[in-house]
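K.L.:
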Amino acid sequence: MKQAMHIFRKDVSHLWPQIAIVLMLVAAFTVSNIQSSRPAGSEHPELRWLAGLLGVLVPVGYAWLIVTLVHQEPLPGDRQFWLTRPYRRGSLLVAKVLFVLLFVSATMVAKDCFIVAGRGFPVIPNITGLLLRQFAWTAWVVLPALAVGVVTHNLQDVGLVGALVGLVYALQGALVRKSFWPGIEWVRDYFGMLLLLTLCAAIVLWQYLRRETGKARVAVAFCSILVIVGLPLLSWNAAFTVQMLARGPRLDLAKVQIRPNLASVRSAVPAAEISQAPIAIALPLRLTGLPSGMMIVPDGTNVAIASGQRVIWRSGWQQNWYGMRTEQYHSQVVYIDIGIYRSLQNQPVTIRLSLGLTLLENGTPSHVPAHQERFAFGGSRCEELSPEIYPPPISCLAALKSPPRTLVALEAPGAAESISQTGTWSYAPYEALLDQSPLAATSLAILQLQDSPVDSRALWERPDAQIVLTPQRPVAHFRRDLEFPGVRLVDYVLPPGQAILRAVP
Amino acid sequence: MSDPIRCVELSKKFRGVLAVNRLDLSVPEGAIYALVGTNGAGKTTTIKTLMNIFRPSGGSAEVLGVDTRQISPRELSQIGYVSENQEMPEWMTVKYLLAYLKPFYPQWDDDLAQEMVREFDLPLDRKLRHLSRGMKMKAALASSLAYRPKLIVLDEPFSGLDPLVRDELIEGLLERAAGATVFISSHDLAEIESFASHIGYLDGGRLLFSEEMGTLASHFREIEVTLDAPPVLPAAWPQDWLRPETSSAVVRFVDSRFDQERSLDEIRRMFPNARNIAVNAMPLRQIFIALAKTRRQAA
Chain A
1 MKQAMHIFRK
11 DVSHLWPQIA
21 IVLMLVAAFT
31 VSNIQSSRPA
41 GSEHPELRWL
51 AGLLGVLVPV
61 GYAWLIVTLV
71 HQEPLPGDRQ
81 FWLTRPYRRG
91 SLLVAKVLFV
101 LLFVSATMVA
111 KDCFIVAGRG
121 FPVIPNITGL
131 LLRQFAWTAW
141 VVLPALAVGV
151 VTHNLQDVGL
161 VGALVGLVYA
171 LQGALVRKSF
181 WPGIEWVRDY
191 FGMLLLLTLC
201 AAIVLWQYLR
211 RETGKARVAV
221 AFCSILVIVG
231 LPLLSWNAAF
241 TVQMLARGPR
251 LDLAKVQIRP
261 NLASVRSAVP
271 AAEISQAPIA
281 IALPLRLTGL
291 PSGMMIVPDG
301 TNVAIASGQR
311 VIWRSGWQQN
321 WYGMRTEQYH
331 SQVVYIDIGI
341 YRSLQNQPVT
351 IRLSLGLTLL
361 ENGTPSHVPA
371 HQERFAFGGS
381 RCEELSPEIY
391 PPPISCLAAL
401 KSPPRTLVAL
411 EAPGAAESIS
421 QTGTWSYAPY
431 EALLDQSPLA
441 ATSLAILQLQ
451 DSPVDSRALW
461 ERPDAQIVLT
471 PQRPVAHFRR
481 DLEFPGVRLV
491 DYVLPPGQAI
501 LRAVP
Chain B
1 MSDPIRCVEL
11 SKKFRGVLAV
21 NRLDLSVPEG
31 AIYALVGTNG
41 AGKTTTIKTL
51 MNIFRPSGGS
61 AEVLGVDTRQ
71 ISPRELSQIG
81 YVSENQEMPE
91 WMTVKYLLAY
101 LKPFYPQWDD
111 DLAQEMVREF
121 DLPLDRKLRH
131 LSRGMKMKAA
141 LASSLAYRPK
151 LIVLDEPFSG
161 LDPLVRDELI
171 EGLLERAAGA
181 TVFISSHDLA
191 EIESFASHIG
201 YLDGGRLLFS
211 EEMGTLASHF
221 REIEVTLDAP
231 PVLPAAWPQD
241 WLRPETSSAV
251 VRFVDSRFDQ
261 ERSLDEIRRM
271 FPNARNIAVN
281 AMPLRQIFIA
291 LAKTRRQAA
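Next up, the structure:
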């Protein structure tokens, strides 16, 4: 420890200009965030731009400080003076870790705490999220910077590594299709975080204790490819399985039954009108056994079309974008290839539908006067940006976690309500882990819903209108497999722009 | 105590190229051992393997009784290492360098460090990056001798230095190396000759010989044989006779296994018409050149 402290003091005495630059960036970022990241437009819009720029410069500054620190005693090469001096490798590593803890991690925590407190949110109740955020930044910034530092000799080498990683990233963008998974994207993020944490820590340890640069460089390349190319290849199904395991059901799901309900609706769309690709097919369902105060949401679907026992086409898992009213789950829209549709549209086929579902439990509703400029909701602070326009943009700000998935309704005495769903779609324990700011901003949407019989604009314009916000908490994730025999695709095709099928008299 | 440096069939390979080839070498305690050879002979690789900067590809080496792969800070605190191409922390001043290194060495002697600073005329407040090459080497040497190491390893320390600085360094080294073992690589033979007690000649990664200086000097002689007529070299030319040259009635060569009686008998047998045989002692530099040229021709 004595030697570690000695090396640490040397690094601090030499790197104080770099430390000062990074601390200034962090301080500027903190101040600009406290000043500008207001839920409803800033009175200092120029600071928002500055906060954005600083949001890039801060992680870059941290990474620069870390690699510069490691390069004080470069590990690759055979000419460094320290190699033939009685350095204990463990002490050297401890000295570097101490430095990172003090000038990177601690300043990150301080920055986040100042921003959270500066925006009026309590720090102590958010401490778990703040620490998890450090964990994420350690995985995505600190350890990768250390890993790059231990396999490079100077900043030119780092630039080369950066260019190669950028190239892999560009190739990935061109070759691998990555789709965003609204509810379970966090599984991919967290998995990447664990992957980076494990691999980068192993590389850093290996290089400090064994100093085998060739192998460590191969490991860095492997790690980069795995994270950049491998993560987008993670299957939706696997991620949903993780989600199911992460939140075991707290109720008996056997009672929740979903069955095909083919007799209920038919498409009235003339075949000639169907020209868009892919083709949207709405498969009618009957949902029973749903406990009161709960709602079911389809997160993903997987369709197979079979003729007899032979499977003709599979969709693979498709994530649902929640573009429909899900409070009454009476049909499931799936998308099929237009060629398959044209060849099979009039012939009876069997459709096998696998569903990845989530049960949401309604919380206690909050009633807010519709034209109140500012209000608090679910730990968030919300603000109507322009109450005079419709639909009114409402922006909410919270520490670390966006407002929960929320049912938004407009109510007025004697008037019907108009409902939309808003808030975060993510099932992540915490969201703002890798964001520049620990504050999570979300827009609450009040929409004129398609097919709604209510004129929500008229409702909004009433002075006694209220916004009713009902938070929803995911309580279970599960799968169901359904079979629809003897289906003619043409009977269930959705007309362009329509979200549900209506019963044909 | 065993020899401070011992190599047994030590090999080091880089991407299939043997830089050091089955090297057997022992450096006795208290010796000043000079490892000489042309550029690329494998001197630096040998030293870096001894210092555990490189891991051996084959064989083994011991330094201060410890396998080089197991060298720990304990052994390194007894070794002073200076290399011509070492990357020093250039941002440090001489004073900071000495102060920074001091806690690493329990046996650090402040007085000795100060003495060397004075003797080498080192500017304490100047950063290493602003020092001349000679001054940098002096600073490196001072920082490597101030803890009275048991073993001093020097890799081409005098390369590119002016003669005055070289002399100062050698003097400084010899004054403080009393009792220590010195292992020095160089192709600067004139200086080596003046103070080395042992010498090894490395060529293409192979150690061609390793012996005491006095023995080496007695083994090599330049022979000049004057004949009656223009000479014809005998077909059975001895292997130990290097670099044969002929001109009018004279044959010159280097005998690398010279023995007063045996060699003269052999010369007379080879050249029965010899009118005169001149035997000249050779300086190290000449020996080195003869060996190097012979190896190059053979290659």
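Protein chains in written order, with the numbering used here: chain A, 1 to 505; chain B, 1 to 299. Beta carbons: idealized from backbone N, C-alpha and C, even for Gly. Predicted model only: the values in this text are computed from it and were never measured.
Straight-line CA distance for Arg-211/A to Pro-244/B?
P.N.:
As a working note, residue 211/A is residue 211 in the first sequence. As a working note, residue 244/B is residue 244 in the second sequence. Their backbone Cα atoms lie some 50 angstroms apart in a straight line.
K.L.:
Starting from Arg-79/A, find everything on chain B with Cβ-Cβ shorter than 8 angstroms and list it in chain order.
P.N.:
In the first sequence, counting from the first residue as 1, residue 79/A sits at position 79. By Cβ distance, chain B contributes Ser-83, Asn-85, Gln-86, Glu-87.
K.L.:
Measuring only between beta-carbons, confirm whether Ile-184/B sits less than 9 angstroms from chain A.
P.N.:
Reading the second sequence from its first residue, position 184 is the one you call residue 184/B. No, no contact with chain A.
K.L.:
Between the C-alpha atoms of Gln-318/A and Leu-251/A, what's the straight-line distance to the nearest angstrom?
P.N.:
As a position in the first sequence, residue 318/A is number 318, starting the count at 1. As a position in the first sequence, residue 251/A is number 251, starting the count at 1. One C-alpha to the other measures close to 27 angstroms.
K.L.:
For Asp-188/B, count neighbouring Cβ atoms within 10 angstroms of its own Cβ and tell me buried if that reaches 16, exposed if not.
P.N.:
Within the second sequence, residue 188/B is the residue found at index 188, counting from 1. Under this definition Asp-188/B is a buried residue.
K.L.:
Beta-carbon within less than 8 angstroms of Glu-191/B's beta-carbon, same chain only, minus the 5 sequence neighbours each way: which residues are those?
P.N.:
The residue given as residue 191/B occupies position 191 in the second sequence. Once the five neighbours on either side are set aside, the close Cβ partners of Glu-191/B are Phe-158, Arg-166, Ile-170.
K.L.:
Exposed or buried, Phe-180/A, counting other C-beta atoms within 10 Å across all chains shown (16 or more means buried)?
P.N.:
Taking the first sequence and counting its residues from 1, one reaches residue 180/A at position 180. The residue in question, Phe-180/A, is exposed, as its Cβ has fewer than 16 Cβ neighbours within 10 Å.
K.L.:
Give the single residue among Leu-197/A, Asn-237/A, Cys-382/A, Ala-458/A whose Cα lies nearest to the Cα of Ala-139/A.
P.N.:
What you label residue 139/A is simply residue 139 of the first sequence in a count that begins at 1. Looking at the Cα atoms, Leu-197/A is the closest of the given residues.
K.L.:
Assuming Thr-301/A contacts Val-334/A (C-beta within less than 8 angstroms), just tell me the rounded distance between them.
P.N.:
Looking up residue 301/A in the first sequence gives position 301. Looking up residue 334/A in the first sequence gives position 334. The Cβ separation is near 5 angstroms, so the contact holds.
K.L.:
Are the C-beta of Arg-85/A and some C-beta of chain B separated by less than 9 angstroms?
P.N.:
Here residue 85/A corresponds to residue number 85 of the first sequence, with the count starting at 1. Yes - at least one Cβ of chain B is within 9 angstroms of the one on Arg-85/A.
K.L.:
For the segment 175-237 of chain A, list the alpha helix (DSSP H) runs that are entirely contained and at least 4 residues long, ordered along the chain.
P.N.:
185-210, 213-225, all fully within the segment 175-237 of chain A.
K.L.:
When burial is assigned at 16 or more other CB atoms within 10 Å of the CB, is Ala-146/B buried or exposed?
P.N.:
By 1-based counting over the second sequence, the position of residue 146/B is 146. Its Cβ being crowded by 16 or more others within 10 Å, Ala-146/B is buried.
K.L.:
Would you mind sorting Met-554/A into buried or exposed? The rule is 16 or more other CB atoms within 10 Å of its CB.
P.N.:
The question about residue 554/A has no answer, for chain A in this structure spans 1 to 505.
K.L.:
Mind listing the chain B neighbours of Arg-217/A? Cutoff is C-beta to C-beta under 8 angstroms, in chain order.
P.N.:
Here the question's residue 217/A lines up with position 217 in the first sequence. The contacting residues do not exist; Arg-217/A stays about 15 angstroms from chain B at best.
K.L.:
Rounded to whole angstroms, what's the CA-CA distance from Arg-310/A to Ile-351/A? Just pull it up for me.
P.N.:
On the first sequence, position 310 is the one that residue 310/A refers to. On the first sequence, position 351 is the one that residue 351/A refers to. Answer to the nearest angstrom: the Cα atoms are 11 angstroms apart.
K.L.:
Does Arg-126/B get closer than 9 angstroms to chain A when you measure Cβ to Cβ?
P.N.:
Locating residue 126/B in the second sequence gives position 126, where the first residue counts as 1. For Arg-126/B, the answer is no, since every Cβ of chain A falls outside 9 angstroms of its Cβ.
K.L.:
Counting contacts by CB-CB distance shorter than 9 angstroms, is His-6/A in contact with chain B?
P.N.:
Residue numbering aside, residue 6/A sits at position 6 when the first sequence is read from its first letter. Yes, its Cβ sits closer than 9 angstroms to a Cβ of chain B.
K.L.:
Which residues share a DSSP beta bridge with Gly-77/A?
P.N.:
In the first sequence, counting from the first residue as 1, residue 77/A sits at position 77. Looking at the DSSP assignment, Gly-77/A forms no beta bridge with any residue, so it has no partner.
K.L.:
State the start and end residues of the unbroken alpha helix (DSSP H) segment that holds Val-117/B.
P.N.:
The residue given as residue 117/B occupies position 117 in the second sequence. Counting along the chain, the alpha helix (DSSP H) containing Val-117/B begins and ends at 110-120.
K.L.:
Can you tell which of Gln-80/A, Leu-407/A, Thr-107/A, Trp-16/A has its C-alpha closest to the C-alpha of Phe-29/A?
P.N.:
The residue given as residue 29/A occupies position 29 in the first sequence. Minimum Cα distance to Phe-29/A is reached at Thr-107/A.
K.L.:
Who are the neighbours of His-71/A on chain B, taking C-beta pairs under 9 angstroms?
P.N.:
Residue numbering aside, residue 71/A sits at position 71 when the first sequence is read from its first letter. Per Cβ cutoff of 9 angstroms: no residues; His-71/A is ~11 angstroms from chain B at best.
K.L.:
Taking the C-alpha atoms as reference points, what is the distance between Pro-74/A and Met-92/B?
P.N.:
Numbered from 1 along the first sequence, position 74 holds the residue referred to as residue 74/A. Numbered from 1 along the second sequence, position 92 holds the residue referred to as residue 92/B. Distance between the alpha carbons of Pro-74/A and Met-92/B: 16 angstroms.
K.L.:
What residue range does the beta strand (DSSP E) around Phe-158/B cover?
P.N.:
Walking along the second sequence from the start, residue 158/B turns up at place 158. That residue, Phe-158/B, is in no beta strand (DSSP E); it is neither H nor E in DSSP.
K.L.:
Could you list which residues in chain A have their beta carbon closer than 9 angstroms to that of Trp-237/B, in chain order?
P.N.:
Numbered from 1 along the second sequence, position 237 holds the residue referred to as residue 237/B. Residues of chain A passing the Cβ test: none, with the nearest at roughly 43 angstroms.
K.L.:
Just to confirm before moving on: does the CB-CB distance between Leu-101/B and Arg-85/A stay below 9 angstroms?
P.N.:
Here residue 101/B is taken as the residue at index 101 of the second sequence, counted from 1. Here residue 85/A is taken as the residue at index 85 of the first sequence, counted from 1. For Leu-101/B and Arg-85/A, yes; Cβs fall inside 9 angstroms.
K.L.:
Anyone know if the C-beta pair for Asp-299/A and Phe-240/A falls short of 9 angstroms?
P.N.:
Reading the first sequence from its first residue, position 299 is the one you call residue 299/A. Reading the first sequence from its first residue, position 240 is the one you call residue 240/A. In contact: Asp-299/A and Phe-240/A (Cβ atoms closer than 9 angstroms).
K.L.:
How big is the Cα-Cα spacing for Ser-60/B and Arg-217/A?
P.N.:
Translated into positions along the second sequence, residue 60/B becomes position 60. Translated into positions along the first sequence, residue 217/A becomes position 217. For Ser-60/B and Arg-217/A, the distance between alpha carbons rounds to 27 angstroms.
K.L.:
Which residues mark the beginning and the end of the beta strand (DSSP E) in which Phe-377/A is found?
P.N.:
As a first step, residue 377/A must be located in the first sequence, where it is residue number 377. Taken as a continuous stretch (DSSP letters only), the beta strand (DSSP E) holding Phe-377/A covers 374-377.
K.L.:
Would you give the residue range spanned by the beta strand (DSSP E) that Gly-335/A belongs to?
P.N.:
Against the first sequence, residue 335/A aligns to sequence position 335. Contrary to the premise, residue 335/A reads as Tyr rather than Gly in this sequence. That run of the beta strand (DSSP E) goes 331-336.
K.L.:
Using a C-beta cutoff of 9 angstroms, does Ala-140/B count as contacting chain A?
P.N.:
Taking the second sequence and counting its residues from 1, the one referred to as residue 140/B is at position 140. Judged by the 9 angstroms Cβ criterion, Ala-140/B is in contact with chain A.
K.L.:
Against chain A, which members of the segment 103-119 of chain B pass a CB distance test of less than 9 angstroms?
P.N.:
Listed by position, the residues of the segment 103-119 of chain B near chain A (Cβ gap below 9 angstroms) are Pro-103, Phe-104, Tyr-105.
K.L.:
Give the secondary structure of Gln-319/A by DSSP, where H, G and I count as helix, E and B as strand, and everything else as coil.
P.N.:
Counting from 1 along the first sequence, the entry for residue 319/A is found at position 319. Reduced to three states, the DSSP call for Gln-319/A is strand.
K.L.:
Please work out which residues of its chain come closer than 8 angstroms, Cβ to Cβ, to Asp-481/A, disregarding the five sequence neighbours upstream and downstream, and give them in chain order.
P.N.:
What you label residue 481/A is simply residue 481 of the first sequence in a count that begins at 1. Taken in chain order, the residues that qualify are Arg-352, Leu-353, Ser-354, Leu-355.
K.L.:
Are the C-beta of Ser-77/B and some C-beta of chain A separated by less than 9 angstroms?
P.N.:
As a first step, residue 77/B is located in the second sequence; it is residue number 77 there, counting from the start. So yes, Ser-77/B belongs to the interface.
K.L.:
Verify the contact flag: Ser-186/B, CB atom, against every heavy atom of the ligand COA, threshold strictly below 8 angstroms.
P.N.:
The ligand COA is absent from the structure shown, which contains no ligand whatsoever.
K.L.:
Which ranges would you report for the beta strand (DSSP E) in the segment 138-204 of chain B if only whole runs of at least 3 residues count?
P.N.:
Within the segment 138-204 of chain B, the complete beta strand (DSSP E) runs of at least 3 residues are 151-155, 181-186, 198-203.
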